[in-house]
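To start, the structure under review is shown below, and the notes come after it.
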Amino acid sequence: MADIYEWDVEDEEFWETTGKKVASRNLWISIPSLLVGFSVWLYWGIITVQMVNLGFPFSTAELFTLSAIAGLTGATLRIPSSFLIRIAGGRNTIFFTTALLMIPAAGTGFALMSDGTPLWVFQMLAILSGIGGGNFASSMSNISFFYPKKKQGLALGLNAGLGNAGVTTMQILVPLVMTFGVVGVGRTLENSSGWIFGKIPAGTETFIHNGGFVWLLFLVPLAFLAWFRMDNIRAEHVSPNISGPLGSFAKISGMLGLAFIPAVAGLFIILPAPVGLGWTWAKYPTIILVIFATVMLLKLLRGDIKPNLDRQFKIFSNK
1 MADIYEWDVE DEEFWETTGK KVASRNLWIS IPSLLVGFSV WLYWGIITVQ MVNLGFPFST
61 AELFTLSAIA GLTGATLRIP SSFLIRIAGG RNTIFFTTAL LMIPAAGTGF ALMSDGTPLW
121 VFQMLAILSG IGGGNFASSM SNISFFYPKK KQGLALGLNA GLGNAGVTTM QILVPLVMTF
181 GVVGVGRTLE NSSGWIFGKI PAGTETFIHN GGFVWLLFLV PLAFLAWFRM DNIRAEHVSP
241 NISGPLGSFA KISGMLGLAF IPAVAGLFII LPAPVGLGWT WAKYPTIILV IFATVMLLKL
301 LRGDIKPNLD RQFKIFSNK
């Protein structure tokens, strides 16, 4: 059942007969989807270190900006992502944002197959991987609607806690899959490397591109699960006026696209030259401006998105 029109989990009988089973199914698809989202968002910390050890033709400072790019972008995307369930529905949102992560995952794999890939390609992929960070907001919002208030704490704790385990999963899996070849040609480590289980000596053949490709093994089945097994709650208090799938995907793309604008502008201000202006002294004011600009851009949206956004913005007026 993709669309649910009657949903009252505060009714004990409804919860026991219908709600509990539906909620559990959605939760246990949401958790691994969020876990992989965190992994793709934050894998630059592992990948860039290995790029240094493999002698990619970039300075250490340039490579380490990739983590900063992904970090600020992901944090910024949480702002529009917090509105997506109301506007596009839970199933549509989780499916589409999970599917979108295939772009940076596959792109990173292909980009790492050649040391001739320009830095700007990696920067664009880092920006796109920020979608995984934004997914936290939409995932938590979605799961909250499936559970009665007295059970939301456990459900949201599982979703957030196990989802954040994507960081640890990534730190184990990325170095592991770099040790064996699946596709492409390996490269030789110029400097010694390592992972949580020990050192990897210089001269070892490494398949760094697997660090991107491996996530497709999870993203593809998770996208299918989200599409065929998750639900849009179309009750009045959740997502009553969502469009069809294509319309919902367009709204998600538009809202995320708007948030990319202030995120990229903020990155240009604070990242060091030649990537940006290098105004590191303005880091905190810039972050505040990015948040403000993102909210203001969202408020400019019109059409059937605007009433839903206005309803959500009212929470800031509640005392």
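Under the UniProt record's numbering, the first residue of the sequence shown is numbered 1, with each subsequent residue one higher. Just so you know, even glycine gets a beta-carbon here, dropped at the ideal spot from N, CA and C.
Note on Ile-200: 16 or more other CB atoms within 10 angstroms of its CB, so buried under the neighbour-count rule. Residue state for Asn-232 is assigned as strand, using DSSP reduced to three classes. If you draw a straight line from the Cα of Thr-65 to the Cα of Gly-45, it comes to about 10 Å. In this structure, Leu-42 sits away from Val-214, with a CB-CB distance that is not shorter than 8 Å. The Cβ atoms of Ser-139 and Asn-159 lie closer than 8 Å to each other. Looking from the CA of Met-170, the closest CA among Thr-204, Lys-149, Asn-210 belongs to Asn-210. Between the alpha carbons of Ala-111 and Arg-86 lies a gap of roughly 36 Å. Per DSSP, the unbroken beta strand (DSSP E) holding Gly-198 starts and ends at 198–200. The continuous alpha helix (DSSP H) containing Arg-91 extends over residues 90–100. DSSP places Glu-16 in no alpha helix (DSSP H); its state is neither H nor E.
Rounded to whole angstroms, the separation of the alpha carbons of Thr-188 and Thr-179 is 11 Å. If you ignore the 5 residues before and after Pro-80, its C-beta comes within less than 8 Å of the C-beta of Gly-134, Met-255, Leu-256, Leu-258, Ala-259, Thr-294, Leu-298, all in its own chain and listed in chain order. Counting along the chain, Tyr-5 sits inside no alpha helix (DSSP H), nor does DSSP assign it H or E at all. Of the candidates Pro-32, Leu-246, Phe-146, the residue whose Cα lies closest to the Cα of Leu-225 is Pro-32. With contact defined as three or more Cβ pairs closer than 8 Å, the stretch 232–241 and the stretch 265–278 are not in contact.
A buried status is given to Gly-109, since no fewer than 16 other beta-carbon atoms sit within 10 Å of its beta-carbon. Going by beta carbons, Ser-30 and Asn-191 fall outside the 8 Å limit. Shown here for Asp-3: same chain residues with a beta carbon closer than 6 Å to its own, the five before and five after excluded, namely Asn-232, Arg-234 in chain order. In the structure shown, the three-state DSSP call for Thr-73 is helix. Glu-205 sits in a strand when the DSSP states are folded into three classes. Taking a 10 Å sphere around the C-beta of Val-183, we find fewer than 16 other C-beta atoms and assign the residue as exposed. Taking the CA atoms as reference points, Trp-15 sits about 22 Å from Phe-228. The alpha carbon of Gly-116 has as its nearest neighbour, out of Gly-55, Pro-262, Met-124, Lys-149, the alpha carbon of Gly-55. A distance below 8 Å between beta-carbons, with the five flanking residues on each side excluded, links Asn-92 to the following residues of its chain, in chain order: Asn-232, Ile-242, Pro-245, Ser-248, Phe-249, Ile-252. Pro-221 is the residue among Pro-221, Gly-130, Thr-60 whose C-alpha sits nearest the C-alpha of Phe-95.
According to the DSSP assignment, Trp-120 belongs to the alpha helix (DSSP H) that extends over 119–146. For Tyr-43, there is no enclosing alpha helix (DSSP H), as DSSP marks it with neither H nor E. Of the residues Lys-149, Tyr-147, Gly-303, Gly-132, the one whose Cα lies closest to the Cα of Ile-69 is Gly-132. Boundaries of the alpha helix (DSSP H) around Thr-286: 283–299. Note: Thr-169 is not bridge-paired with any residue in the DSSP secondary-structure output. Judged by DSSP secondary structure, Phe-249 falls within the alpha helix (DSSP H) whose first and last residues are 245–270. Phe-145 has its alpha-carbon roughly 11 Å from the corresponding atom of Gly-19. Close CB contacts of Leu-301 within its chain, under the 8 Å cut and outside five residues either way in sequence, are with Gly-254, Met-255, Leu-258, Leu-309 (chain order).
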